[in-house]
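Following this note's numbering, the numbering of the sequence shown begins with 1 at its first residue and continues without gaps.
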Amino acid sequence: MNKKNLEQTELSYYGLYLLNYLKENKFEQASDAAFVKARADEAAEAYERARLEGYTPDGAQEIAMSTLVHGLHYSRYAILREVVESEFHEEIPEDAREGFVEKLLPLVGNVFSIYDLSDDQFALSSDYDLLYTELTGAVVLYLREYGI
1 MNKKNLEQTE LSYYGLYLLN YLKENKFEQA SDAAFVKARA DEAAEAYERA RLEGYTPDGA
61 QEIAMSTLVH GLHYSRYAIL REVVESEFHE EIPEDAREGF VEKLLPLVGN VFSIYDLSDD
121 QFALSSDYDL LYTELTGAVV LYLREYGI
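See below:
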């Protein structure tokens, strides 16, 4: 069994869920095994505490999941993908969007650097609107200069 498969079989339910979530949304932490394990352990502990405090299994699970993804609601990739899909659906064909976003993401890292994406309320803030506008501008400039 290779190391990757071994690590995945050793992860708990919470660890596997988090790893999948991080990979799916292309969070940088997806390759950080220690982060995944620590966060999964925190979620399991939160579940146990909640059950001891009298929460129902569903209530305890909700607390555990909240602990698991705390501060991980907005990945750079997902936000940029949303901008490309919403604002450039006519310019960028659907089958080219993922590659385009992955190519552009490292080039717009400085745009993200001034925003706190770990804030669970980020999408409701005026900063989200500013980031969205800046990313839209960056995509326009990129398309003018390099095309798809």
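Glycine included, C-beta positions come from ideal geometry on N, C-alpha and C.
- The residue among HIS73, LYS23, GLU98 and MET65 with its C-alpha nearest the C-alpha of VAL83 is GLU98.
- Judged by their CB atoms, LEU22 and ALA30 are nearer to each other than the 7 Å cut-off.
- With respect to LEU80, LEU135 sits close: the two C-beta atoms are nearer than 7 Å.
- Along the length of the stretch 47-75, whole alpha helix (DSSP H) runs at least 4 residues long occupy 57-69, reported in chain order.
- Taking the C-beta atoms as reference points, ILE148 is found no nearer than 7 Å to ALA64.
- Counting only runs of 4+ residues, the alpha helix (DSSP H) found wholly inside the stretch 77-134 occupies 94-104 and 109-112, in chain order.
- For LEU22, the enclosing alpha helix (DSSP H) starts and ends at 13-24.
- The DSSP-derived three-state label of GLY137 is helix.
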